[in-house]
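Trainee:
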Amino acid sequence: MDMVNSSAVPFSIALVFIAAVITKVAWAKITAVPASSFNNTQPHPPEVITSITSAVRLLHTLVTKGFTSMLQEQYTKLGSVFTISFLGMKTTFLAGPEVSAHFYQGLESEISHGNILEFTVPMFGKDVAFGVDIATRTEQHRFYLDALKPAKLRCHVAPMLHEVEKYFAKWGQHGTVDLKQELEQLLMLISARCLLGKEVREKMFDEVFSAFHELTENSLQLTSLLFPYAPTPTTRRRDRASARLSSIFAEIVRSRKSSNRVEEDVLQNLVDSKYKDGRHTTEAEVTGLIIAILFAGKHTSTTSSTWTGARLLSHTECLEAALEEQQQIVKKHGDNIDYDTLLEMSFLHCCIKEALRMHPTAPIFLRKVRKNFTVRTREGYEYEIPSGHTIASPLVINHNIPYIYKDPDVYDPHRFGHGREEDRVGGKFTYNAFSGGRHACPGEAYAYMQVKVIWSHLLRNFELKLVSSFPETNWLKLSPEPRGKVEVSYKRRMLPRSMLEN
Ligand code: HEM
Numbered sequence: 016m017d018m019v020n021s022s023a024v025p026f027s028i029a030l031v032f033i034a035a036v037i038t039k040v041a042w043a044k045i046t047a048v049p050a051s052s053f054n055n056t057q058p059h060p061p062e063v064i065t066s067i068t069s070a071v072r073l074l075h076t077l078v079t080k081g082f083t084s085m086l087q088e089q090y091t092k093l094g095s096v097f098t099i100s101f102l103g104m105k106t107t108f109l110a111g112p113e114v115s116a117h118f119y120q121g122l123e124s125e126i127s128h129g130n131i132l133e134f135t136v137p138m139f140g141k142d143v144a145f146g147v148d149i150a151t152r153t154e155q156h157r158f159y160l161d162a163l164k165p166a167k168l169r170c171h172v173a174p175m176l177h178e179v180e181k182y183f184a185k186w187g188q189h190g191t192v193d194l195k196q197e198l199e200q201l202l203m204l205i206s207a208r209c210l211l212g213k214e215v216r217e218k219m220f221d222e223v224f225s226a227f228h229e230l231t232e233n234s235l236q237l238t239s240l241l242f243p244y245a246p247t248p249t250t251r252r253r254d255r256a257s258a259r260l261s262s263i264f265a266e267i268v269r270s271r272k273s274s275n276r277v278e279e280d281v282l283q284n285l286v287d288s289k290y291k292d293g294r295h296t297t298e299a300e301v302t303g304l305i306i307a308i309l310f311a312g313k314h315t316s317t318t319s320s321t322w323t324g325a326r327l328l329s330h331t332e333c334l335e336a337a338l339e340e341q342q343q344i345v346k347k348h349g350d351n352i353d354y355d356t357l358l359e360m361s362f363l364h365c366c367i368k369e370a371l372r373m374h375p376t377a378p379i380f381l382r383k384v385r386k387n388f389t390v391r392t393r394e395g396y397e398y399e400i401p402s403g404h405t406i407a408s409p410l411v412i413n414h415n416i417p418y419i420y421k422d423p424d425v426y427d428p429h430r431f432g433h434g435r436e437e438d439r440v441g442g443k444f445t446y447n448a449f450s451g452g453r454h455a456c457p458g459e460a461y462a463y464m465q466v467k468v469i470w471s472h473l474l475r476n477f478e479l480k481l482v483s484s485f486p487e488t489n490w491l492k493l494s495p496e497p498r499g500k501v502e503v504s505y506k507r508r509m510l511p512r513s514m515l516e517n
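With the sequence shown counted from 1, adding 15 to any position gets you my numbering.
#1: Look at the alpha carbon of D369 and the alpha carbon of R252, and state the distance between them as a whole number of angstroms.
#2: Can you round the beta-carbon distance between F183 and M203 to whole angstroms, since I take them to be within the 8 angstroms contact cut?
#3: Which residues mark the beginning and the end of the beta strand (DSSP E) in which M104 is found?
#4: Would you identify the three-state DSSP class for T296, choosing helix, strand or coil?
#5: Kindly list the residues whose CB is nearer than 6 angstroms to the CB of G324, restricted to its own chain and excluding five residues on each side of it in sequence; keep chain order.
#6: I'd like to know whether the C-beta atoms of G103 and N413 end up nearer to each other than 8 angstroms.
#7: Nearest CA to the CA of L282: which residue from F145, E217, H330 and A207?
#8: Can you determine whether any heavy atom of the ligand HEM sits closer than 7 angstroms to the C-beta of F264, and answer yes or no?
#9: I think A317 touches L237, with their Cβ atoms under 8 angstroms apart; what is that distance to the nearest whole Å?
#10: Tell me whether S319, by its Cβ, gets closer than 7 angstroms to a heavy atom of the ligand HEM.
#11: Please list, in chain order, all residues of the same chain as E214 whose beta carbon is under 7 angstroms from its beta carbon, the five residues on each side excluded.
#12: Pick out the complete alpha helix (DSSP H) segments inside the segment 120 to 168, 4 residues or longer, and give them in chain order.
#13: When the Cα atoms are used, what is the spatial distance from M373 to S274?
#14: Are the segment 75 to 88 and the segment 336 to 344 touching by the rule of at least three beta carbon pairs closer than 8 angstroms?
#15: So, helix, strand or coil for L235, using DSSP?
#16: Under a Cβ-count criterion, where at least 16 other Cβ atoms within 10 Å of its own Cβ denotes burial, should Q188 be classed as buried or exposed?
#17: Using only the alpha-carbon positions, how far apart do T227 and K421 sit?
#18: If the criterion is Cβ atoms closer than 8 angstroms, does the pair I367 and V179 meet it?
#19: Report yes or no: do three or more beta-carbon pairs, one from the segment 403 to 410 and one from the segment 474 to 487, lie closer than 8 angstroms?
#20: If you draw a straight line from the alpha carbon of L176 to that of I64, how long is it in whole angstroms?
#21: What does DSSP give as the partner residues of I267 in its beta bridges?
#22: As a quick exercise: from H364, I126 and Y354, pick the residue whose alpha carbon is nearest that of G432.
#23: So S95 and T445 are supposed to be a Cβ contact under 8 angstroms. How far apart are they, rounded?
#24: How far does the alpha helix (DSSP H) with D193 in it reach, from first residue to last?
#25: The ligand HEM and R159: does the residue's C-beta get closer than 7 angstroms to at least one heavy atom of that ligand?
#26: Classify A377 as buried or exposed, calling it buried when 16 or more other Cβ atoms lie within 10 Å of its own Cβ.
#27: Just the C-alpha distance for N387 and E125, rounded to the nearest angstrom, thanks.
#28: So, for E298: in the same chain, excluding its five sequence neighbours on each side, which residues have a beta-carbon less than 6 angstroms away from its beta-carbon?
#29: Helix or strand or just coil, what does DSSP make of K291?
#30: By DSSP, does A245 sit in helix, in strand, or in coil?
#31: Cα separation between H429 and E335?
#32: Between which two residues does the beta strand (DSSP E) carrying V390 extend?
#33: Compute the beta-carbon to beta-carbon distance between F310 and T231, rounded to the nearest angstrom, for a pair I have assumed lies under 8 angstroms.
#34: Could you check how far apart the C-beta atoms of G129 and K383 are, in whole angstroms? I think they sit under 8 angstroms.
#35: Tell me whether A407 sits in a helix, a strand or coil according to DSSP, three-state version.
#36: How big is the Cα-Cα spacing for C456 and F449?
Here you go:
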C-alpha cells in the first residue's frame, strides 16, 4: 500500500513507542501475564518486557540497531512465537510459515484488521473497504480479483508497453537519472492508462495525481492516522482532495454510461461489477474502489521496480543472466512483447521476487485477535493467543529464516528456480511479499507484469550502471523504500538487432 512521504509519521510512532516503554519502566508496571490468566492448560508465548532490565535491553537494541535487529534478536532468543508488551498492549509475533496459517487464513470472526485501517475510510469513502461490512468487503475484493485476473490482464500489455516506449524515448543517447523518480513518474502514467482510463491519461493526468498526492499526504500525517475525524487543517485538505477525486470519477462513470462507451481499463471492470444479488456498483463505490487500488499499487510498484533495478545493477552475474534471458526471448519471438512472452521471462520474474524478499513493501502485517487460538511452533511448543492481542506477521524475519532461505543476506534469484524453490520449503506461507490467504494482494500478477514490461525494455535498450552506492532502506517511511536518490547512468544500445547478432 502507498505509505507515502511523511517521514514524520513513523518517526513519531517510534518516539511514542519509546516514550511508552520508558514510562512503563519508570512506573515499574511491566510484568508478565501469567499463563493461567486466560487458560489453565496452555501457556501463552514468552513475553519480552517482563522486567525493567529486559525492557531497557530491548529499548537499547531498538535505538542502536533498529527495528529489524530488535525483532531478529527476540526471534533467536525466544523462538517463532513471542509477545512484546507495552502500555498494556500486547503484540504477539508469529514468525515463519509453521505458525502463520491462522494469521493468513483465520475467519474474519477470529482474526481481523481491527481498526488499524480506520484511517482509510475518509480516504476511500464509506461505501468501500473498511467503511462497509465484511460481506460487502468480500464481494468488493472479488471485483478486484476479477478485474485483475490473467484473462483480463492480457489487454494491458500493449498500453503498458506504449507508455514505457514513449517514456524512455525521451531519454537521450546517454545520461544519468534518479531511477526512483523516473520509475515513479512512469508508473503513474501506466496506472493512469491501465487502471484509471484514457480520460484521465489524456486530459486530467496532472489534476488527478495532484489531488491523489494531496489525499495521501494528508491522510498519512500522524494526526489523521490517530484521529481521522478530528476537524484539523490536515483532515480538511484530505477531505477536499477526496471530494475532488470523487467528482472527477463520478463524472467519468456518468459520461461512459450515458454514451454507452466501454473501455478496457480496470475502472470499466469496476463499473461493470455486480454483487451476488445482481446489484451494480454505484458511482461512490466505483470511485472508492479505484482510489483504493491506486493507493495499493502506486508506492509498492515504484519501490519494487527500483529495488529490482538497484539489486540487478549491483550483481553482474544476475544482470548477465537477465540479459541472456532477454536475448533468448528476442531470438525466439523478435522484439515483440506480449502477455505470453512476459510469462517466459522466468529469470526476470525471480529477480523481482528476490528483490521483494529482501525489501518487502510492508515489513510487517498486523491483525487483531477476536477469538483465542492455539499455535504450535516448529519445536513442538503450544501456546494460546488470547482474544484482544494484536498479532504480527514479521516479513523481515519470515523472509530471512536460514533453514528456508540459504544465505538470506545474499541476492540470489536462482533460489526460486527449478529444483530449489525455497519459497515453498515451508508450505504456502513461506513467502509473504503479497500477503496471503484471505487478504492476498489481488494485484500480484499485474504488478509483476508491469515491472517486467519496464525492466525487459530497459535491459534490451540500455546499458545501465548504478552510480550512487547501493541504497539503504529508509525505515522512517511506513512502507520502507530506498533512501535518497538511486542514480543510474545509461547508454543507449542498438537493440534488438545487436542482440540477435551476438
Ligand atoms: C510489487 C507490488 C505490490 C506489492 C508488494 C503488493 C502487496 C500487497 C499486500 C501485502 C497487500 C495486503 C495488505 C494487507 O494484508 O492488508 C496488498 C493489498 C492490495 N493490493 Fe497489492 N501489492 C503490489 C501491487 C499492487 C498493484 C499493482 C495493485 C493493483 C493494480 C494492487 C492492488 C491491491 C489491492 C486492491 C489490495 C487490497 C485488497 C483488499 O483487501 O481488498 N497491489 N498488496
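Heads up, the beta-carbon is just placed ideally off N, CA and C, and yes, glycines get one too. This one's a predicted model, so the numbers in the text were calculated from it and none came from an experiment.
Mentor: Looking at the atomic coordinates:
#1: Per the sequence presented here, residue 369 reads as Glu, with Asp not at that position. Rounded to the nearest angstrom, the two C-alpha atoms are 38 angstroms apart.
#2: With a Cβ gap of about 15 angstroms, F183 and M203 do not count as contacting.
#3: M104 to L109
#4: The answer is coil: DSSP assigns T296 none of H, G, I, E or B.
#5: L194
#6: no
#7: A207
#8: no
#9: Note on identity: in this sequence residue 317 is Thr, with Ala being the wrong assignment. Not confirmed; about 23 angstroms, so no contact.
#10: Yes, the beta carbon of S319 sits closer than 7 angstroms to at least one heavy atom of the ligand HEM.
#11: I267
#12: 136 to 139, 149 to 162 and 165 to 168
#13: 48 angstroms
#14: no
#15: coil
#16: Per the 10 Å Cβ criterion, exposed.
#17: Note that residue 227 is Phe in the sequence shown, not Thr. If you take the alpha carbons of F227 and K421, they lie about 41 angstroms apart.
#18: no
#19: no
#20: 53 angstroms
#21: Paired residues: none, contrary to the question.
#22: H364
#23: Contact flag wrong, Cβ pair sits at about 13 angstroms.
#24: No alpha helix (DSSP H) holds D193; the beta strand (DSSP E) holding it covers H189 to D193.
#25: Residue identity differs from the one stated: residue 159 is Tyr in this sequence, not Arg. Because some heavy atom of the ligand HEM lies under 7 angstroms away, the Cβ of Y159 counts as near it: yes.
#26: buried
#27: 8 angstroms
#28: A265 and V268
#29: Coil, per DSSP.
#30: In the structure shown, A245 sits in coil (DSSP, three-state: anything other than H, G, I, E or B).
#31: For H429 and E335, the distance between alpha carbons rounds to 13 angstroms.
#32: F388 to R391
#33: 7 angstroms
#34: 3 angstroms
#35: Here A407 sits in strand by DSSP.
#36: Cα to Cα, the separation comes out at about 5 angstroms.
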